[in-house]
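Asker: Let me begin by handing over the structure; questions about it come next.
Protein chains: 2
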Amino acid sequence: MLCLSVKAISWIGGNQIGELQFDFLSLIDQRKFAQARNEMIEMNVVDLAEYISELEDDPRVILLFRLLPKEMSAEVFSYLEREQQQRIVESISDKELAGILDELFLDDTVDFIDEMPASIVKRVIKMSDPDTRRMINQLLRYPDESAGSLMTIEYMEVDSDWNVKRAIDAVRRQSEDKESLNLLFVTDDSRRLEGTIRLRDVLSAPDDEKIGDLMETDIISVKTHEDQAEVAEMFKKYDLVMMPVVDNENRLVGIITIDDVVDVIEEETTEDIYKMAAMEPIEDSYMSTGAFTLAKKRVVWLLVLMLSLILTGMIINNYNSALATNVLLAAFMPMLMGTGGNAGSQASVSVIRIITLGEVEFKDIFSVIWKEFRVSLITGSCVSLVNFARIMLTYHDFGLAIVVSITLFMVVIAAELVGCSLPLIATKLNLDPALMASPLITTIVDALSMLVFFNVAMQILPGM
Amino acid sequence: MLCLSVKAISWIGGNQIGELQFDFLSLIDQRKFAQARNEMIEMNVVDLAEYISELEDDPRVILLFRLLPKEMSAEVFSYLEREQQQRIVESISDKELAGILDELFLDDTVDFIDEMPASIVKRVIKMSDPDTRRMINQLLRYPDESAGSLMTIEYMEVDSDWNVKRAIDAVRRQSEDKESLNLLFVTDDSRRLEGTIRLRDVLSAPDDEKIGDLMETDIISVKTHEDQAEVAEMFKKYDLVMMPVVDNENRLVGIITIDDVVDVIEEETTEDIYKMAAMEPIEDSYMSTGAFTLAKKRVVWLLVLMLSLILTGMIINNYNSALATNVLLAAFMPMLMGTGGNAGSQASVSVIRIITLGEVEFKDIFSVIWKEFRVSLITGSCVSLVNFARIMLTYHDFGLAIVVSITLFMVVIAAELVGCSLPLIATKLNLDPALMASPLITTIVDALSMLVFFNVAMQILPGM
Numbered sequence: 383m384l385c386l387s388v389k390a391i392s393w394i395g396g397n398q399i400g401e402l403q404f405d406f407l408s409l410i411d412q413r414k415f416a417q418a419r420n421e422m423i424e425m426n427v428v429d430l431a432e433y434i435s436e437l438e439d440d441p442r443v444i445l446l447f448r449l450l451p452k453e454m455s456a457e458v459f460s461y462l463e464r465e466q467q468q469r470i471v472e473s474i475s476d477k478e479l480a481g482i483l484d485e486l487f488l489d490d491t492v493d494f495i496d497e498m499p500a501s502i503v504k505r506v507i508k509m510s511d512p513d514t515r516r517m518i519n520q521l522l523r524y525p526d527e528s529a530g531s532l533m534t535i536e537y538m539e540v541d542s543d544w545n546v547k548r549a550i551d552a553v554r555r556q557s558e559d560k561e562s563l564n565l566l567f568v569t570d571d572s573r574r575l576e577g578t579i580r581l582r583d584v585l586s587a588p589d590d591e592k593i594g595d596l597m598e599t600d601i602i603s604v605k606t607h608e609d610q611a612e613v614a615e616m617f618k619k620y621d622l623v624m625m626p627v628v629d630n631e632n633r634l635v636g637i638i639t640i641d642d643v644v645d646v647i648e649e650e651t652t653e654d655i656y657k658m659a660a661m662e663p664i665e666d667s668y669m670s671t672g673a674f675t676l677a678k679k680r681v682v683w684l685l686v687l688m689l690s691l692i693l694t695g696m697i698i699n700n701y702n703s704a705l706a707t708n709v710l711l712a713a714f715m716p717m718l719m720g721t722g723g724n725a726g727s728q729a730s731v732s733v734i735r736i737i738t739l740g741e742v743e744f745k746d747i748f749s750v751i752w753k754e755f756r757v758s759l760i761t762g763s764c765v766s767l768v769n770f771a772r773i774m775l776t777y778h779d780f781g782l783a784i785v786v787s788i789t790l791f792m793v794v795i796a797a798e799l800v801g802c803s804l805p806l807i808a809t810k811l812n813l814d815p816a817l818m819a820s821p822l823i824t825t826i827v828d829a830l831s832m833l834v835f836f837n838v839a840m841q842i843l844p845g846m
Numbered sequence: 383m384l385c386l387s388v389k390a391i392s393w394i395g396g397n398q399i400g401e402l403q404f405d406f407l408s409l410i411d412q413r414k415f416a417q418a419r420n421e422m423i424e425m426n427v428v429d430l431a432e433y434i435s436e437l438e439d440d441p442r443v444i445l446l447f448r449l450l451p452k453e454m455s456a457e458v459f460s461y462l463e464r465e466q467q468q469r470i471v472e473s474i475s476d477k478e479l480a481g482i483l484d485e486l487f488l489d490d491t492v493d494f495i496d497e498m499p500a501s502i503v504k505r506v507i508k509m510s511d512p513d514t515r516r517m518i519n520q521l522l523r524y525p526d527e528s529a530g531s532l533m534t535i536e537y538m539e540v541d542s543d544w545n546v547k548r549a550i551d552a553v554r555r556q557s558e559d560k561e562s563l564n565l566l567f568v569t570d571d572s573r574r575l576e577g578t579i580r581l582r583d584v585l586s587a588p589d590d591e592k593i594g595d596l597m598e599t600d601i602i603s604v605k606t607h608e609d610q611a612e613v614a615e616m617f618k619k620y621d622l623v624m625m626p627v628v629d630n631e632n633r634l635v636g637i638i639t640i641d642d643v644v645d646v647i648e649e650e651t652t653e654d655i656y657k658m659a660a661m662e663p664i665e666d667s668y669m670s671t672g673a674f675t676l677a678k679k680r681v682v683w684l685l686v687l688m689l690s691l692i693l694t695g696m697i698i699n700n701y702n703s704a705l706a707t708n709v710l711l712a713a714f715m716p717m718l719m720g721t722g723g724n725a726g727s728q729a730s731v732s733v734i735r736i737i738t739l740g741e742v743e744f745k746d747i748f749s750v751i752w753k754e755f756r757v758s759l760i761t762g763s764c765v766s767l768v769n770f771a772r773i774m775l776t777y778h779d780f781g782l783a784i785v786v787s788i789t790l791f792m793v794v795i796a797a798e799l800v801g802c803s804l805p806l807i808a809t810k811l812n813l814d815p816a817l818m819a820s821p822l823i824t825t826i827v828d829a830l831s832m833l834v835f836f837n838v839a840m841q842i843l844p845g846m
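Next up, the structure:
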């Protein structure tokens, strides 16, 4: 019944699932182990992992975990947080651990080992069979964020000399261990990658056709040391679901599957968003990062931007006597700086995003500037007119209204031009365009707007 | 030779490919059609489409396109921009059009029809066979950004009564048309979805086992009207590569594959980033959106934020006499407002991102506030100390240094607390947390910082 309701909710959407109340714990307390086991088996592993995550360090987690069939417990295990994985491994026997390791996909095992303390790593290595141990050691050698660290070695390899029947038989015999079967990889005797063939093409071909005649030789692949952002770009560009990873001699060493790439895309987006808000990206999740580390990632940029804001202060200081003559001008400073900053950040964020998506590059800078110039004429006119009307209504001062409106119009145009060109110039200089986002633009625009403001005021207002 | 160099570059990364110079056009001019055809056939379709895109409205595009084998021309076609697709369809014969339509995946056909003028839609519908026509009409009925508009109907369906041998035979017979074969869908007589089975499990099972006994009944699916953002969430949460779409009676009507979901994730991220920079998202790509539309998407927020910046102006106005006594204070206003805004946007962007990723929800608000409070104590102390030192060095004025530093410390703390709590409060009120990003926070912090500044100054500085 419980499981039925889980499924009923699944039809609507994933988000509600987490809010359902399961009562496996009370089943455990009542020692109804068989019932708990049966109900858990019917659940989706991701939902079950979410439920177990929320129990945190409840000692009954180990009991629940032990009730699961070996394959399911391995799958649930791969979805748990580091801390809980560690607690579980510390509480189960060597035999249970070996069982889980046997069922885990190799890339999940490596991800897990990568984050565990040495005592657990030792135990895991000890409990793996020699073949697995060799492969784990090999995978652990690839640097973080490289193609090698993303790949798994559970792919399906066939020989170009085989015929279709032999290939299908091989797939049927070996398929249980393989991460995905959509694509088979054709290699020669020294394991050099010769081509790929989709399982669907193997299946729809006659039994006696040769694999070598069917395979696709135009292969998109990466080297092990390639950066993961580049890998994600290639998956998106070529609509891939799987990509072979080769070494320097073009020997097949692993495959990357799209589910891992989706995680990379999220990670890279998070990094971009952090940079756009003037923060260095954090490595772990926000909630498991300490306040000190978070502060460290933010304070450098805060200081840099603060020192450049002092420049704006110096500009204002320079016009001290003008300001003393007409102290009312100070009331318009936040609006001028703020609106200029907002317009600039609209332009810069738009352009940074299309650079990330590959829609524009440096050579398009003039068409981007021309477009943003027209946009700024429209938005600048709107905000200036509204401002003019407001100042006339409040202060009945035509001169003041003209000064503020002209300044605002010029500031918005300047802000959008600076905002759209800096990110493109950054790509030309091999800098990350995301660094040219709002805070930096705002700082530049602040200084600019005060310069314009006082000069326009001194030209137009009497007695300044 | 040419193709060899393309492949050599492929090993390094996708980005360089676009910069290679092909000379298909000169081959065409020299009427070396066979050579052009052979070299194009060896190319990756995405790269070829990119090359053709850059030729824009060169009339030789049609010639190049006609040289391609039918299947390849359809694939290249699906990667081209709308304008070029239209030009091609207008230049080719009905028979050629029918050939392309025959090879296109149905979801690509529908995407294409969706954006074409009526005259072309008519021709396409006319050239499709009755079955395809019926399916196109059905797919066109789903609203934009719904699961129905994302799905394709080229999935593999099997019957739970069949045995493994019969299922494999069916797959081998029908597989050529199907978008993906990793997962087979098991339905009953009224096409209600009963379960799914991975092809790998079919292949590794004995010939006479029944599909109904092997299938997985814990299905994650969506209804046709579900929002695409929700669909993307479910793919990420459950690590799916394919998901069935059902109608209200749980009848299977289509499948969504992960390559289309990757595009949705990008689209949704772009929308979030736009909202975070105080812009309404645009529907088309930036480069194909006119300046007027872009301005319209930005000006509303610019005006709203401008009017609230006026509040800050009024606060400053209120302390006119204090400012007139010590006009030097104005020089510190940009630094105080700017640094406060930067600290607030760091906090709000961090929290918005973890809300998007599902890492926190409203109930976590107190642990988030506690963390940000500690972060703000550290960052606030750093920037205040640096400021104190700088003012002492420049102005040798202890009172002024104390006033600015205390204000800055308080402003940073307030900014981070406001920045981290507003996005979480937005989720509680069913508002989009992305709207609570930097520009709004900056505006609030500006007002706050001026209030604090003048009050602290009036307490501490003599004669104010």
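Chains as they are written, first to last, in this note's numbering: chain A, 383 to 846; chain B, 383 to 846.
Glycine included, every Cβ here is placed at the ideal spot set by N, Cα and C.
1. With the cut-off set at 8 angstroms, would you say B/Glu527 and B/Gln610 are in Cβ contact?
2. With contact counted as at least three CB pairs below 8 angstroms, one residue from each stretch, are the segment 770-779 of chain B and the segment 724-740 of chain B in contact?
3. Determine the extent of the beta strand (DSSP E) in which A/Arg505 is found, giving its start and end residues.
4. If we count the other Cβ atoms within 10 Å of its Cβ and call it buried at 16 or more, is B/Ile736 buried or exposed?
5. Nearest chain A C-beta to B/Leu488 closer than 8 angstroms, yes or no?
6. Exposed or buried, A/Ala416, counting other C-beta atoms within 10 Å across all chains shown (16 or more means buried)?
7. Does B/Phe836 come within less than 8 angstroms of chain A when only Cβ atoms are used?
8. Taking only beta-carbon atoms, is B/Ile495 less than 8 angstroms away from chain A?
9. What residues from chain C crowd round B/Asp570, counting only those whose CB sits closer than 7 angstroms?
10. Thinking just about the alpha-carbon of each residue, which of B/Ile593, B/Met517 and B/Gly530 is nearest to the one in B/Ala324?
11. Looking only at its chain, what residues have a beta carbon closer than 6 angstroms to the beta carbon of A/Arg574, apart from the 5 residues adjacent to it on each side?
12. Is A/Arg772 helix, strand or coil by DSSP?
13. Based on the DSSP output, what are the partners of A/Asn545 in its beta bridges?
14. Helix, strand or coil: which one does DSSP assign to A/Leu833?
15. For A/Ser831, which residues from the same chain have a beta carbon less than 6 angstroms from its beta carbon, with the 5 sequence-adjacent residues on both sides left out?
16. Run the CB neighbour count on B/Gly672, radius 10 Å, all protein chains shown included, and call it buried at 16 or more, exposed below.
17. Any Cβ of chain A within less than 8 angstroms of the Cβ of B/Gln467?
18. State yes or no: is the C-beta of A/Gly695 within less than 8 angstroms of the C-beta of B/Ala783?
19. Are the CB atoms of B/Thr491 and B/Ile518 nearer to each other than 8 angstroms?
20. According to DSSP, what are the bridge partners of B/Glu539?
21. What are the residues that DSSP puts in a beta bridge with A/Asp609?
22. Exposed or buried, B/Val388, counting other C-beta atoms within 10 Å across all chains shown (16 or more means buried)?
23. On the three-pair Cβ rule with 8 angstroms, is the segment 647-662 of chain A touching the segment 791-808 of chain A?
24. Just checking my contact of B/Pro815 with B/Leu687 at CB under 8 angstroms: how many whole Å lie between their CB atoms?
25. Report yes if the C-beta distance between A/Val623 and A/Asp629 is below 8 angstroms; otherwise report no.
26. Would you tell me roughly how many angstroms separate the C-alpha atoms of A/Gly395 and B/Arg419, rounded to the nearest one?
27. Roughly how many angstroms lie between the CA atoms of B/Val458 and B/Ile482, to the nearest whole one?
28. Where does the unbroken beta strand (DSSP E) through B/Thr578 begin, and where does it stop?
29. Could you list which residues in chain B have their beta carbon closer than 8 angstroms to that of A/Ala660, in chain order?
30. Take B/Leu776 as the anchor and find which of A/Thr606, A/Trp544 and A/Ile692 has the nearest alpha-carbon.
31. Just how far apart, CA to CA, sit A/Ile474 and A/Glu432?
32. May I have the straight-line CA-CA distance separating B/Ile640 from B/Glu463, to the nearest angstrom?
33. Looking at the unbroken beta strand (DSSP E) that takes in B/Gly740, where does it start and where does it end?
34. Enumerate in chain order the residues of its own chain whose CB-to-CB distance from A/Leu449 is below 7 angstroms, with the five nearest sequence positions on each side excluded.
35. Using a Cβ-Cβ cutoff of 7 angstroms, what residues of the segment 657-689 of chain A are near chain B? List them in chain order.
36. Have a look at A/Glu662 and B/Phe780 and give me their C-alpha separation to the nearest angstrom.
Answerer: So, from the listed chains and residues:
1. Your numbering for residue 527 of chain B matches position 145 in the second sequence. Your numbering for residue 610 of chain B matches position 228 in the second sequence. In this structure, B/Gln610 lies closer than 8 angstroms to B/Glu527 by Cβ.
2. The segment 770-779 of chain B makes no contact with the segment 724-740 of chain B: fewer than 3 CB pairs, one atom from each, lie closer than 8 angstroms.
3. The count along the first sequence starts at 1 and reaches residue 505 of chain A at position 123. Looking at the DSSP string, A/Arg505 is not in any beta strand (DSSP E); the run it does join, the alpha helix (DSSP H), is Ala500 to Met509.
4. Along the second sequence, one-based indexing puts residue 736 of chain B at 354. Result: buried.
5. Residue 488 of chain B sits at position 106 when you count from the first residue of the second sequence. Any Cβ of chain A closer than 8 angstroms to the Cβ of B/Leu488 would place that residue at the interface, and such an atom is absent.
6. Here residue 416 of chain A refers to the residue found at position 34 when the first sequence is read from its first residue. It is exposed - the Cβ of A/Ala416 has fewer than 16 other Cβ atoms within 10 Å.
7. In the second sequence, counting from the first residue as 1, residue 836 of chain B sits at position 454. By this cut-off, B/Phe836 is not an interface position.
8. Reading the second sequence from its first residue, position 113 is the one you call residue 495 of chain B. Residue-level contact by beta carbon fails for B/Ile495 and chain A, as no gap is shorter than 8 angstroms.
9. Absent from the structure is chain C; the protein chains it does hold are A and B.
10. As shown, chain B starts at 383 and ends at 846. That puts residue 324 of chain B outside it, with no answer to give.
11. Here residue 574 of chain A corresponds to residue number 192 of the first sequence, with the count starting at 1. Excluding sequence neighbours, A/Arg574 sits near Asn632 and Arg633.
12. Start at 1 with the first residue of the first sequence, and residue 772 of chain A comes out as number 390. Looking at A/Arg772 - three-state DSSP - the assignment turns out to be helix.
13. Taking the first residue of the first sequence as position 1, residue 545 of chain A is located at position 163. For A/Asn545, the pairing in a beta bridge is given by DSSP as A/Lys592.
14. Locating residue 833 of chain A in the first sequence gives position 451, where the first residue counts as 1. Helix, per DSSP.
15. Start at 1 with the first residue of the first sequence, and residue 831 of chain A comes out as number 449. Counting only Cβ-Cβ distances below 6 angstroms, and skipping sequence neighbours, we find Leu718, Met719, Gly722 and Val793.
16. Here residue 672 of chain B corresponds to residue number 290 of the second sequence, with the count starting at 1. With fewer than 16 other Cβ atoms within 10 Å, it is exposed.
17. Indexing the second sequence from 1 puts residue 467 of chain B at position 85. It does not; no Cβ of chain A falls within 8 angstroms.
18. Here residue 695 of chain A corresponds to residue number 313 of the first sequence, with the count starting at 1. Here residue 783 of chain B corresponds to residue number 401 of the second sequence, with the count starting at 1. Taking 8 angstroms as the cut-off, the Cβ atoms of A/Gly695 and B/Ala783 do not count as close.
19. On the second sequence, position 109 is the one that residue 491 of chain B refers to. On the second sequence, position 136 is the one that residue 518 of chain B refers to. In this structure, the beta-carbon distance from B/Thr491 to B/Ile518 falls below 8 angstroms.
20. Here residue 539 of chain B is taken as the residue at index 157 of the second sequence, counted from 1. DSSP lists B/Phe567 as partners of B/Glu539.
21. Here residue 609 of chain A is taken as the residue at index 227 of the first sequence, counted from 1. A/Ser528.
22. For the purposes of this step, residue 388 of chain B is taken as the residue at position 6 of the second sequence. Because B/Val388 carries a pLDDT of 33, less than 50, the predicted location of this residue cannot be relied on, and no value is offered for it.
23. Taking a cut-off of 8 angstroms on C-beta distances, the segment 647-662 of chain A does not touch the segment 791-808 of chain A, as fewer than three cross pairs fall below it.
24. Taking the second sequence and counting its residues from 1, one reaches residue 815 of chain B at position 433. Taking the second sequence and counting its residues from 1, one reaches residue 687 of chain B at position 305. In fact, because the Cβ distance is near 17 angstroms, the residues do not count as touching under 8 angstroms.
25. One-based indexing of the first sequence puts residue 623 of chain A at position 241. One-based indexing of the first sequence puts residue 629 of chain A at position 247. Going by C-beta atoms, A/Val623 is not nearer than 8 angstroms to A/Asp629.
26. In the first sequence, counting from the first residue as 1, residue 395 of chain A sits at position 13. In the second sequence, counting from the first residue as 1, residue 419 of chain B sits at position 37. With a pLDDT of 37 at A/Gly395, under the threshold of 50, the modelled position of this residue cannot be trusted; read the value that follows with caution. Using only the alpha carbons, I get a separation of about 48 angstroms.
27. Counting from 1 along the second sequence, the entry for residue 458 of chain B is found at position 76. Counting from 1 along the second sequence, the entry for residue 482 of chain B is found at position 100. A direct Cα-to-Cα measurement between B/Val458 and B/Ile482 gives close to 10 angstroms.
28. Translated into the one-based positions of the second sequence, residue 578 of chain B becomes position 196. Counting along the chain, the beta strand (DSSP E) containing B/Thr578 begins and ends at Leu575 to Arg580.
29. Stepping through the first sequence from its first residue, residue 660 of chain A is reached at position 278. Those are Asn724, Ser727 and Gln728, listed as they occur along chain B.
30. Here residue 776 of chain B refers to the residue found at position 394 of the second sequence. It is worth fixing the name first, because residue 776 of chain B is Thr in this sequence and not Leu. When A/Thr606, A/Trp544 and A/Ile692 are compared, the shortest CA-CA separation from B/Thr776 is found for A/Ile692.
31. For this step, residue 474 of chain A is matched to residue 92 along the first sequence. For this step, residue 432 of chain A is matched to residue 50 along the first sequence. For A/Ile474 and A/Glu432, the distance between alpha carbons rounds to 20 angstroms.
32. For this step, residue 640 of chain B is matched to residue 258 along the second sequence. For this step, residue 463 of chain B is matched to residue 81 along the second sequence. B/Ile640 and B/Glu463: Cα-Cα distance of roughly 22 angstroms.
33. The residue you call residue 740 of chain B lines up with position 358 of the second sequence. From DSSP, B/Gly740 is part of no beta strand (DSSP E); its letter is neither H nor E.
34. Start at 1 with the first residue of the first sequence, and residue 449 of chain A comes out as number 67. Listed in chain order, the non-local C-beta contacts of A/Leu449 below 7 angstroms within the same chain comprise Phe415, Ala418, Arg419 and Met422, local neighbours out to five positions each way being set aside.
35. So the close ones are Ala659, Ala660, Met661, Ser667, Tyr668, Met669, Ala673, Phe674, Leu676, Ala677, Arg680, Val681, Leu684, Leu685, Leu687 and Met688.
36. Along the first sequence, one-based indexing puts residue 662 of chain A at 280. Along the second sequence, one-based indexing puts residue 780 of chain B at 398. Answer to the nearest angstrom: the Cα atoms are 34 angstroms apart.
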